[in-house]
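*Asks:*
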Amino acid sequence: LKAIEQALQPVAHLKKHLQDLGWALEQQEGRKKLAQQIAASTRALRHVRNLQVHSIDRDSAHRLPAYRLEDDAT
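Heads up: the sequence shown at position 73 corresponds to 68 in the numbering used here, and the numbers run straight through without jumps.
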């Protein structure tokens, strides 16, 4: 149960960023605030993706190269 809670922790963090983004869109406090929220949400998405990629059991999975996952522009 503890491992599941730890695995879901990044998802909860991402959920908060998405809620903040939704709040910024509703409030429309200017483009700067919205841009900051989008950037924070993007960083959170990358972080979750990287955690998922790097938490794969290396012994049971095929080893594929992770091409610049941390600085990916997509």
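Even for Gly, the Cβ is constructed at its ideal location relative to N, Cα and C. All figures in this text were calculated on a predicted structure; none of them were measured in a lab.
If distances are taken between C-alpha atoms only, which option among Lys(-3), Leu13, Leu(-4) comes closest to Val43?
*Replies:* Position 48 of the sequence shown, counting from 1, holds the residue named residue 43. For the residues Lys(-3), Leu13, Leu(-4), the minimum Cα distance to Val43 belongs to Leu13.
*Asks:* Can you give me the Cβ contacts of His71 inside the same chain, cut-off strictly under 8 Å, excluding the 5 residues immediately before and after it?
*Replies:* Outside the modelled stretch of the chain, which goes from -4 to 69, sits residue 71, for which no answer is possible.
*Asks:* How big is the Cα-Cα spacing for Lys27 and Ala35?
*Replies:* Position 32 of the sequence shown, counted from the start, is the residue given in the question as residue 27. Position 40 of the sequence shown, counted from the start, is the residue given in the question as residue 35. In a straight line, the C-alpha of Lys27 is about 12 Å away from that of Ala35.
*Asks:* Report the rounded CA-to-CA distance for Gln32 versus Lys10, giving the unit in angstroms.
*Replies:* In the sequence shown, counting from the first residue as 1, residue 32 sits at position 37. In the sequence shown, counting from the first residue as 1, residue 10 sits at position 15. Cα to Cα, Gln32 sits roughly 13 Å from Lys10.
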